[in-house]
Structures are given as C-alpha cells and as structure tokens.
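2 protein chains.
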Amino acid sequence: MEREKIRKDITIKDVAKRAGVAISTVSRVLNGLDKVSPRTEKKVREAVEELGYVQNVLAVSMVTGQTKTVLMAVPDFTNDFNGSVIQGAEEYLKEQGYTMLICSTKDFGEEDFENLYRRFSKLAEGILVVPANPDRMDYGRWEKPLVLVDVYRPQEDYYTIEIDNAGGTFLLTEELIKNGHRKIALVGGLPDETASGQRVAGYLEALKAYGIPVDKRLMVPGVHFEDTGSRGMERLLDLPEEIRPTGVVAVNNLTCIGCMKALAGRGMRAGREISLAAFDDHLLARYSVPAVTVIERPTIEMGREGARVLLELLRGRRPEQKRLIMESRLLKRDSVKRL
Amino acid sequence: MEREKIRKDITIKDVAKRAGVAISTVSRVLNGLDKVSPRTEKKVREAVEELGYVQNVLAVSMVTGQTKTVLMAVPDFTNDFNGSVIQGAEEYLKEQGYTMLICSTKDFGEEDFENLYRRFSKLAEGILVVPANPDRMDYGRWEKPLVLVDVYRPQEDYYTIEIDNAGGTFLLTEELIKNGHRKIALVGGLPDETASGQRVAGYLEALKAYGIPVDKRLMVPGVHFEDTGSRGMERLLDLPEEIRPTGVVAVNNLTCIGCMKALAGRGMRAGREISLAAFDDHLLARYSVPAVTVIERPTIEMGREGARVLLELLRGRRPEQKRLIMESRLLKRDSVKRL
Numbered sequence: 607m608e609r610e611k612i613r614k615d616i617t618i619k620d621v622a623k624r625a626g627v628a629i630s631t632v633s634r635v636l637n638g639l640d641k642v643s644p645r646t647e648k649k650v651r652e653a654v655e656e657l658g659y660v661q662n663v664l665a666v667s668m669v670t671g672q673t674k675t676v677l678m679a680v681p682d683f684t685n686d687f688n689g690s691v692i693q694g695a696e697e698y699l700k701e702q703g704y705t706m707l708i709c710s711t712k713d714f715g716e717e718d719f720e721n722l723y724r725r726f727s728k729l730a731e732g733i734l735v736v737p738a739n740p741d742r743m744d745y746g747r748w749e750k751p752l753v754l755v756d757v758y759r760p761q762e763d764y765y766t767i768e769i770d771n772a773g774g775t776f777l778l779t780e781e782l783i784k785n786g787h788r789k790i791a792l793v794g795g796l797p798d799e800t801a802s803g804q805r806v807a808g809y810l811e812a813l814k815a816y817g818i819p820v821d822k823r824l825m826v827p828g829v830h831f832e833d834t835g836s837r838g839m840e841r842l843l844d845l846p847e848e849i850r851p852t853g854v855v856a857v858n859n860l861t862c863i864g865c866m867k868a869l870a871g872r873g874m875r876a877g878r879e880i881s882l883a884a885f886d887d888h889l890l891a892r893y894s895v896p897a898v899t900v901i902e903r904p905t906i907e908m909g910r911e912g913a914r915v916l917l918e919l920l921r922g923r924r925p926e927q928k929r930l931i932m933e934s935r936l937l938k939r940d941s942v943k944r945l
Numbered sequence: 607m608e609r610e611k612i613r614k615d616i617t618i619k620d621v622a623k624r625a626g627v628a629i630s631t632v633s634r635v636l637n638g639l640d641k642v643s644p645r646t647e648k649k650v651r652e653a654v655e656e657l658g659y660v661q662n663v664l665a666v667s668m669v670t671g672q673t674k675t676v677l678m679a680v681p682d683f684t685n686d687f688n689g690s691v692i693q694g695a696e697e698y699l700k701e702q703g704y705t706m707l708i709c710s711t712k713d714f715g716e717e718d719f720e721n722l723y724r725r726f727s728k729l730a731e732g733i734l735v736v737p738a739n740p741d742r743m744d745y746g747r748w749e750k751p752l753v754l755v756d757v758y759r760p761q762e763d764y765y766t767i768e769i770d771n772a773g774g775t776f777l778l779t780e781e782l783i784k785n786g787h788r789k790i791a792l793v794g795g796l797p798d799e800t801a802s803g804q805r806v807a808g809y810l811e812a813l814k815a816y817g818i819p820v821d822k823r824l825m826v827p828g829v830h831f832e833d834t835g836s837r838g839m840e841r842l843l844d845l846p847e848e849i850r851p852t853g854v855v856a857v858n859n860l861t862c863i864g865c866m867k868a869l870a871g872r873g874m875r876a877g878r879e880i881s882l883a884a885f886d887d888h889l890l891a892r893y894s895v896p897a898v899t900v901i902e903r904p905t906i907e908m909g910r911e912g913a914r915v916l917l918e919l920l921r922g923r924r925p926e927q928k929r930l931i932m933e934s935r936l937l938k939r940d941s942v943k944r945l
C-alpha cells in the first residue's frame, strides 16, 4: 500500500509564522501565561486550528512548568477493579488534556516507594492511588496533590473516593429479609479492618432494623479470599437444620466464588437449596445459572471522580469534602429465593 | 501520629557537593555521556549511593534527550487480557528504569490517533500497542520504534508479539479426539479474519491429522461474541442425534461463555451431556463445576516480550525476527468427557 510514510510535526514555529506573530506570543496564548490582545489571540487560535497543531507534553512543561501529567499507582493491572478505576480516571484526564503515567505497587517495599517518589516527583503534578492492602505507602512523603481511591483504613489527612461499604451489605441483607429469610449468615469480614468492618456493620444494622436477633453461629469471619468463602459455606451447610441459614451474604467477590464452589461440590446451587447475595459483581456471578444477586460498585465512576478531585487540587481549588462516598447499587438476579 | 511530613528531594547538586565534583561531571557519569576517570566515577557513584539519589524522569530527558518513557496504547483497561499485557510490560520497563504512559483507544477515530501522535511524540521514545479490532490506527505515522502485541491482521512491516492461534485450536480439538470424540463441532470463527481464521485452520488441521472428515454442519462460524456461542450451541444441540456433536471447541472466551449459558438453559453442563474445550482462560471456565478445559495464553509474558523487543529497538538493535509467536498451553480440566 502506498502512503506518505512520515508526516513531520507541526511545531509552534509553524503556528507563529502562519499567524504572523512571535513564537513567544503563541506560547503566551496557548499556555494562558499573560494577556495578549483579542485580535492577536484570534489570529493565533485560527493558525492553530488551520494547521491542526497539538501541543506536546514536553513542550508544555518547558514553557509553563506544568507537565499536565498525573501518576496513577495501583497494586496490579490484572485485577478487574483496578482496571475499571484506571479506565474511568484515564478517560477523564484525557478529556482534560492530561496524560497518565502508571506504576504497579503490589510487591513494593519502603524503598520502592521512596524511589517512586523521587523518580516521578518532577514529572507528575499529582498522584492518584489505589492503595494495596495492607497499605504500606507513606503518602506523607508525596509533596504533590494526592487522591486515594478505595481505602482500607481511615485516611483522614487525604482526599479519598470511597464506597459505601456498610450500605452495600445492608442492601444485600435487606434483600434476603424482604424475600422472607430470617436465618441469614455472613461469610467473611474482619470487624477490625475498616472497609471490611463496615461491611460487617452493614449486615448487623440490617438485622437490627428488621428486628432479627444476631446469631453468632451464622457469622463466619475471615479475610476476603476464596478459601474463607468455601470453608465458611461448608461450615454453614453442616449446621443442624434448625439453625442452618436459608440465606448467605458474602462480603466480596472472592468469598462469593468460594461459597459457589462449596455449593457445587455438594451438587447444590445458589438460589435453589440456599440463597446467596454478595458484595461486588464478577463474571461468575453474572453468568452462573442462577445468576447471583450482587452489589455493584461504580468502579469507572470512582476512577473519574478520583481524577476530577485531583485536577481540582491541581488547579488550586480545595474541595470542601475530603471523603467522597459513592453509592452501592443492588443488582437483583436469581440467587435469592422467595420463601 | 508524629512524623516528618515532608522530606526534600536529594538533587544532583547534593550529589556533586558530596562527591566534590561539578554538577556536569555527575551528569556525565549518570547518563554515560562520555568518559570520566574511574576515580571520579567511583566518587560520584558512592555519593549517589550514600544520598540515595534517584534521577527523575524530566532531569534525565533534559540532559540526555532521552525520556526513558514509553507509551502503551490499549483499546481499554477493563479487559482481562489487556490488563495482563500491561502488567507484564510495566514490570519489565520498571526493571529497566523506564516509565510507562498509557492511553486507551477504544473509541478513537482517525483524528484522535493524529492527536495521540502529536501529543506524545516528544515524550515517548517508543510505543507499545495492543491494537483494537478492527484496527484503525495508522502506525506509519509513528516515527518512533513501535511494537504490536496480539495482532488481528498481518502487520508485516512491524515488530509483533503474537500467539499461536492455529496451534491452540489444534490442541483443543486433539484433546477431544484423544478422549474418543469423533463428532467435534467448532463454534465461532471467521475464516477471512487472520487471527480468527488461524483458529479455524487449527481445528481443521487436527481433524485432518487424525483422519476425521470435516462435517460442515458441525461448524458454526461467527464473530467472537457471546451471542455466537449461545446460538451456536443451541443449533448444535438441536441437530438429529446421529449428527449431533459429542464435543465442542469454542474459539474464544466469549463464545465459550455463550456455549455455557445455552447448556445451563437446558439444565445441561459441559463435561456431562456434551464436552467443551475453549480458547482463552477466564473466571467462569476456571470456577464452573465441571471446570472447562482451555488454552491459556501467556498474557503477562506477551507484555514482557513486547516491552523487551521495544527496548531492543530503542537501544538501536534490530531483532532479527520481526514476528515473535508465543506458544499456547492446554489446561486440562473436567469438561472433556472420556467416551
């Protein structure tokens, strides 16, 4: 195929020549550094339009001292949740003419954070972080604006985008109650950890709100991993019939998958022999038959909001609210049986 | 909690002072620009070590003209495959002291690519692309080194990291044959498209290799979406018993999910009433009971290899082989029944 292989960049020089002004004038117009006459500005803007000139990142940084670049640090890129947060943040930054640098931090130690900071402190104007759990980053080191998305422990000093954890498990538990369940179990959750503890609290609140006494035998605490789910479900299924729950709330996607595996191992399915509702949507919940009722987190929105708050900070504004708590949404499917 | 809130950067000035040399000497040592005496180099290296100095990206670029920054463009960040490729690439780049900029291109038109090019042509030394399908990017515009990961159509001009598509469906089909299946269907695949066509070819090759005649009624072509899978499986299940396949090969993750949904809709499961084997691993294949036999792509490796080839190009080397074809791996699970 014949085509012109290489087309040279249009530079600021070309724009200046076309507009009949000095290069410094073009720069002043494009970077908003100080005033030029409306007539000159119009000429420059027209030349930019006609030539299709786009400022490149390095050129902007040299003129304005701004790099229009933001660093995003996530534990890893293979996790669905992080992917969606990046998607939302990157879309918003792109719309605003910003560029995103990325870095994964899963295996980071103290020194790695130190290096991260040094390496990017000049290029990135601000940083957007999805903290790893446990969270070992010393955010205090970062002298630039910082926003945390989805935090595990209280981070009162920082701007954060969080999810309504308690509200989510409240809705799941309430959905089971509304369908006639009274023996409702909770699988996973650690009362001491903040995000996890909030999910436990939401379950307890819903029981209280509907006057259902708490039965400790129906609470199987544990870390948010698959194994907690499978062992928890096994234990619940082995309870004597008069105690055995008719419905189970799983605290996250992995514990939900564990519950489903344990059920399948006994030839059972969620929504048939026992009801199941879980925090976080995932492929298995979506496509199993019956599909599983879940709390969906607005993950892309969380990324967009994180980027929006960060740009507010970069523009010298101080959003009043430090914590932004996003709403959980219940997706009703077929895993909650009407009793 | 009391801690020192802000610690100032260690700059090149501090290093020069500690080593007792000029700033330009430190710069020459760190950026390998030209020779200094071994004694001076030692002093500089020691000062760097003692102070824990890390060069920042902008400083390096100003001195060397190198930015040590690479742009990675992917259709979107919510897809598992892209996430793993980014993970592998970013890990490798980090090891090599490079930084990654990212950009999603799913909704990009011609002009957006033009802008992408202009915006990053100064900052990024090279570009790593996971092409969208259909692929609308005019790579010829990009004057910098370029590597494509996972291509859909022949890209002979470029360095590419590909997967052995034909080898993958060959292995899936062979696995069914080795388990006594002779009536084997193929769901999805378009012979005209390169990657997809290769998957169709691998199925046909395996049948040929084992002397099994092709039965066109068992081939349900289509795009690689869920709907092709569910409608394909429905059609196959409705065939008269003497033709109906005992085993099905699905061309990718989405067609596999579609097949599984169609089976579930009839109260059937893969590995019981009918056998199933599919290209690409995914959560549903992994956690269903029975779990589904799949071809696993070395996605993280594909990202690492892409980054490795790109850095070779940036260092002025020309890898001999333009196309790097990675091996597919068969993960045997429980969805192929022994007949």
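If you read the protein sequences in the order shown, they are chains A and B. Residues 607 to 945 in our numbering are what the first sequence lists, from first letter to last. Residues 607 to 945 in our numbering are what the second sequence lists, from first letter to last. Note that CB positions come from ideal geometry on N, CA and C, so glycine has one too.
Exercise for the section: Alpha carbon to alpha carbon, how far is LYS674/A from THR899/B? Give it in angstroms, no decimals. Expected result: Each residue's Cα considered, the two are about 47 Å apart.
Practice task
Output, in chain order, the set of chain B residues within a Cβ distance shorter than 9 Å of THR684/A.
Solution key: Under the 9 Å cutoff, chain B gives ASP686, GLY689, SER690, ILE692, GLN693, THR905 and ILE906.
Exercise for the section: Measure from the C-beta of TYR893/A to each C-beta in chain B and report whether the shortest distance is under 8 Å. Expected result: Interface flag for TYR893/A against chain B is set, since a Cβ pair is found closer than 8 Å.
Practice task
Would you list the one or two residues that DSSP bridges to TYR765/A?
Solution key: According to DSSP, which records beta bridges pairwise, TYR765/A is partnered with VAL753/A.
Handout entry: ALA791/B in three-state terms, based on DSSP
Key = In this structure, ALA791/B counts as strand in the three-state DSSP scheme.
Practice task
Could you check what DSSP says for MET866/B in three-state terms: helix, strand or coil?
Solution key: Here MET866/B carries a helix assignment [DSSP, helix/strand/coil].
Exercise for the section: Work out the CA separation of MET932/B and VAL854/B for me, nearest whole Å. Expected result: One Cα belongs to VAL854/B, the other to MET932/B, and the distance between them is close to 24 Å.
Exercise for the section: Run the CB neighbour count on GLN672/A, radius 10 Å, all protein chains shown included, and call it buried at 16 or more, exposed below. Expected result: Label assigned to GLN672/A: exposed.
Exercise for the section: Could you check the C-alpha separation between LYS712/A and ASP682/A for me, to the nearest Å? Expected result: In this structure, the CA atom of LYS712/A is about 6 Å from the CA atom of ASP682/A.
Practice task
Could you tell me whether any non-hydrogen atom of the ligand FAD is closer than 7 Å to the CB of PHE831/B?
Solution key: Looking for the ligand FAD in the displayed structure turns up nothing, as the structure carries no ligands at all.
Practice task
Determine, using beta carbons only, whether THR711/A comes closer than 8 Å to chain B.
Solution key: Output row for THR711/A: interface = no.
Handout entry: Residues, ordered as in the chain, of the stretch 619-631 of chain B that lie near chain A by beta-carbon distance below 7 Å
Key = Correct list: empty, as no residue qualifies.
Problem - For ALA856/B, the residue or residues it bridges with in DSSP - result: Bridge partners of ALA856/B: VAL793/B and ALA884/B.
Problem - Nearest neighbour of VAL857/B, chosen from ARG875/B, GLY838/B, PRO846/B and LEU843/B [CA to CA] - result: Measuring from the Cα of VAL857/B, the nearest candidate turns out to be GLY838/B.
Practice task
Ignore the nearest five residues each way along the sequence and tell me which others in SER934/A's own chain have a CB closer than 7 Å to its CB.
Solution key: Taken in chain order, the residues that qualify are ILE769, ASP770, GLY773, GLY774, LEU777, ILE901 and ARG903.
Practice task
Determine the direct distance from the alpha carbon of MET743/B to that of SER643/B, and round the result to whole angstroms.
Solution key: Distance between the alpha carbons of SER643/B and MET743/B is about 48 Å.
Handout entry: Sequence-distant residues of the same chain with beta carbon closer than 6 Å to ALA801/B, five excluded per side
Key = Cβ neighbours of ALA801/B beyond the five flanking positions: TYR758 and ASN771.
Exercise for the section: Determine which residues share a DSSP beta bridge with SER710/B and list them. Expected result: According to DSSP, which records beta bridges pairwise, SER710/B is partnered with VAL680/B.
Exercise for the section: May I ask you to list, following chain order, the residues of the stretch 852-870 of chain A that have a beta carbon less than 8 Å from some beta carbon of chain B? Expected result: Of all residues in the stretch 852-870 of chain A, only ILE863, MET866, LYS867 and ALA870 place a beta-carbon less than 8 Å from a beta-carbon of chain B.
Practice task
Tell me, please, whether the CB atom of THR705/B is closer than 8 Å to any CB atom in chain A?
Solution key: Yes - at least one Cβ of chain A is within 8 Å of the one on THR705/B.
Handout entry: The alpha helix (DSSP H) enclosing ARG805/A, as first and last residue numbers
Key = First-last of the alpha helix (DSSP H) with ARG805/A: 800-815.
Exercise for the section: State buried or exposed for LYS943/A, treating a residue as buried only when at least 16 other CB atoms are found within 10 Å of its CB. Expected result: So LYS943/A counts as buried.
Handout entry: Min CB distance ILE708/B to chain A below 8 Å
Key = At least one chain A Cβ lies under 8 Å of ILE708/B.
Problem - Cβ of LEU889/B within 8 Å of any chain A Cβ - result: Yes, because at least one Cβ of chain A sits closer than 8 Å to the Cβ of LEU889/B.
Handout entry: CB contact check: GLU696/B to chain A, cutoff 8 Å
Key = In terms of beta-carbon proximity, GLU696/B lines the interface with chain A, with at least one pair separated by less than 8 Å.
Problem - Burial state of ARG921/A (16 or more Cβ within 10 Å) - result: So ARG921/A counts as exposed.
Practice task
Inspect the CB distances between the stretch 805-824 of chain A and the stretch 870-884 of chain A and report whether three or more fall short of 8 Å.
Solution key: Contact between the stretch 805-824 of chain A and the stretch 870-884 of chain A is absent: fewer than 3 CB-CB pairs across the two stretches fall below 8 Å.
Exercise for the section: Look up LEU936/B in the DSSP assignment and say whether it is helix, strand or coil. Expected result: Reduced to three states, the DSSP call for LEU936/B is strand.
Exercise for the section: Take every Cβ of the stretch 781-801 of chain A, pair it with every Cβ of the stretch 822-841 of chain A, and state whether three or more of those distances are shorter than 8 Å. Expected result: Between the stretch 781-801 of chain A and the stretch 822-841 of chain A, the count of Cβ pairs shorter than 8 Å is three or higher; the stretches touch.
Exercise for the section: Identify every residue that forms a DSSP beta bridge with GLY828/A. Expected result: Answer is GLY795/A, bridged to GLY828/A.
Exercise for the section: Drop a sphere of 10 angstroms on the beta-carbon of LEU945/A, count the other beta-carbons inside from all chains shown, and report buried for 16 or more, exposed for fewer. Expected result: With fewer than 16 Cβ atoms within 10 Å of its Cβ, LEU945/A is classed as exposed.
Handout entry: Counterpart residues of ILE783/A in DSSP-defined beta bridges
Key = ILE783/A is not bridged to any residue.
Practice task
Tell me where the beta strand (DSSP E) around GLY732/B begins and ends.
Solution key: Looking at the DSSP string, the run of the beta strand (DSSP E) that includes GLY732/B is 732-735.
Exercise for the section: Could you check the C-alpha separation between GLY689/B and ARG747/B for me, to the nearest Å? Expected result: When only Cα atoms are considered, GLY689/B and ARG747/B end up about 26 Å apart.
Exercise for the section: Taking 8 Å as the cut-off, decide whether the C-beta atoms of ILE692/B and GLY912/B are in contact. Expected result: ILE692/B places its beta carbon 8 Å or farther from that of GLY912/B.
Problem - Contained beta strand (DSSP E) runs [length at least 3] in the stretch 891-940 of chain B, N- to C-terminal order - result: Those beta strand (DSSP E) runs which fall completely within the stretch 891-940 of chain B and span 3+ residues are 899-902, 929-932 and 935-937.
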